[in-house]
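To start, the structure itself, in structure tokens.
Numbering (the numbering used here), first residue to last: -17 to 461.
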């Protein structure tokens, strides 16, 4: 519902930040502009206290009724905390430029700024509406709940506190974090544009060659054995990609689970607690820089990998099309199979490269670093977006892997027995004498084998006298 506010109350909408009582500000033009807009009361609280907090001390700036308002002129992207009894005291939250807000205990909240100070609000006996109040804060700030329960009234009172200019280091840090994010996105977009340009160039070259090359009068024939080998390699390559992708998925999920445990352990240390609970603007800016850097590196790397795979796929299949145009359908099918083999090899190489212990260690370190620097809500959100272990899928995967292992072992045993029979050996399982000559198996071959064995013994015996009979040894070698 909208209400018409008094002129002094409209002043609070046009003011940004906190204006100490008694300071004269010329707002006539702002008041005129604000009066022409519809102003909505978003939330009202009958009793509260509003503080400025600096160096673990507080100074009361306003008290009594809290009225949170918004205006159609800002399209609902900002809300303003106003106090009817203190018309010149306001605080603005914007969904376009969110800042952290922290719930310190049941009814105490802190709002961080770019300066070396922050603001606190204590709600008096309004536990029943805290959920709605926190939902509103979540829409216009980075809201989280502090692990330490510290009421604002534990901060000593200091009526001489002043609010200086914003912390320059913190401002530069936040700007740097934003620039890193924008730079990463811009780099990824540039890589994608280059990939699109490369794809267009490949297609253009393919069209030119299709027009310039004259097909042969007769199609080139490919032997059936070569075609069969290519098809087998094509199918096998795709199977390898599937298997390596599945193994990579499991390893990434495992690495994410390990990083969660590492992050939880680090968060419980004194350094982890200090990083998470330090509300100073410098610390917030430093954490944002680190998180932006990690996210930026992964964004650019992933775009490079996908770009390379995309170009390999298009170039190989374009080549197959040109060869088919020149030499006929059989060459085209063979070239397409070869292109699929190349694609599978590239994908398998990427998967195996990401399976390395260094790559997984980097993933664990990156995830753990980001989680330690995030609050509890952000950490849950980050982990929810990552690949996790699914118990049902894990059991199914183990069953499939066990069946495949049994099948491989069975085939290996059959192949082994077959080879042993071919060379004249019989596998005697569950026996101390595991191998024995097959009785009556190819006597002629046995005789030849015995003769060859005797000749080898004579040859070795003659070499023992190499110093005295070098010429004879040479003749024996020739024989």
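All C-beta atoms in this analysis are idealised placements derived from N, C-alpha and C, irrespective of residue type, glycine included. All values derive from a computational prediction rather than experimental measurement.
Less than 7 Å between C-beta atoms, sequence neighbours within five positions excluded: which residues of the same chain meet that for residue i?
i: residue 36; result: 98, 99 and 143
Answer with buried or exposed for residue i, where buried requires no fewer than 16 other C-beta atoms within 10 angstroms of its C-beta.
i: residue 53; result: buried
i: residue 202; result: exposed
i: residue 61; result: buried
i: residue 389; result: exposed
i: residue 322; result: buried
i: residue 106; result: exposed
i: residue 64; result: buried
i: residue 460; result: Interpretation of residue 460 is limited by its pLDDT of 40, a score under 50 that renders its predicted location unreliable; the figure taken from the coordinates is listed afterwards. Residue 460 is exposed by the Cβ-count criterion.
i: residue 58; result: exposed
i: residue 125; result: buried
i: residue 111; result: exposed
i: residue 252; result: exposed
i: residue 113; result: exposed
So residue i packs on residue j, CB below 8 Å; how close in whole Å?
i: residue 101; j: residue 73; result: 6 Å
i: residue 83; j: residue 123; result: 4 Å
i: residue 278; j: residue 165; result: 7 Å
i: residue 313; j: residue 204; result: 7 Å
i: residue 289; j: residue 174; result: 7 Å
i: residue 329; j: residue 229; result: The pair is not a contact, with the Cβ atoms about 13 Å apart (cut-off 8 Å).
i: residue 334; j: residue 287; result: The pair is not a contact, with the Cβ atoms about 13 Å apart (cut-off 8 Å).
i: residue 195; j: residue 304; result: 7 Å
Tell me the rounded alpha-carbon separation between residue i and residue j.
i: residue 211; j: residue 345; result: 39 Å
i: residue 103; j: residue 121; result: 17 Å
i: residue 27; j: residue 245; result: 39 Å
i: residue 418; j: residue 394; result: Annotation note: pLDDT 49 at residue 418 (below 50); position unreliable, coordinate value reported separately. The alpha-carbon atoms of residue 418 and residue 394 are separated by roughly 20 Å.
i: residue 401; j: residue 180; result: 51 Å
i: residue 152; j: residue 325; result: 48 Å
i: residue 227; j: residue 137; result: 55 Å
i: residue 4; j: residue 49; result: Because the pLDDT of residue 4 is 39, which lies under 50, any placement of that residue in the model is unreliable, and the number read from its coordinates should be weighed accordingly. If I take the Cα positions, the gap works out to 21 Å.
i: residue 366; j: residue 269; result: 20 Å
i: residue 225; j: residue 213; result: 18 Å
i: residue 548; j: residue 360; result: Residue 548 cannot be examined here, being either before or after the span of the chain that is shown, -17 to 461.
i: residue 131; j: residue 109; result: 16 Å
i: residue 176; j: residue 29; result: 59 Å
i: residue 40; j: residue 271; result: 29 Å
i: residue 282; j: residue 198; result: 45 Å
Might you give, ordered along the chain, the residues of its own chain that have their beta carbon closer than 6 Å to the beta carbon of residue i, omitting 5 neighbours on each side?
i: residue 43; result: 32, 34 and 71
i: residue 85; result: 91 and 127
i: residue 67; result: 46
i: residue 274; result: 159, 162 and 163
i: residue 463; result: Absent from the model: residue 463. The displayed extent of the chain is -17 to 461, so no value can be given.
i: residue 469; result: The structure shown does not extend to residue 469, since the chain is modelled only from -17 to 461, so the question has no answer here.
What residues in its chain sit with their C-beta under 8 Å from that of residue i, if we drop five residues either side in the sequence?
i: residue 311; result: 201
i: residue 220; result: 322 and 326
i: residue 257; result: 265, 269, 354 and 355
i: residue 118; result: 24, 25, 50 and 61
i: residue 276; result: 348, 351 and 352
i: residue 292; result: 177 and 181
i: residue 368; result: 238 and 349
i: residue 462; result: Because the chain here runs from -17 to 461, residue 462 falls outside it and cannot be looked at.
3-residue-minimum beta strand (DSSP E) runs that sit fully inside the segment 102 to 161, ordered along the chain: 124 to 127
Any beta strand (DSSP E) of 3 or more consecutive residues that is wholly inside the segment 328 to 368: none
Segments of 3+ residues assigned as beta strand (DSSP E) that fall wholly inside the segment 266 to 338: none
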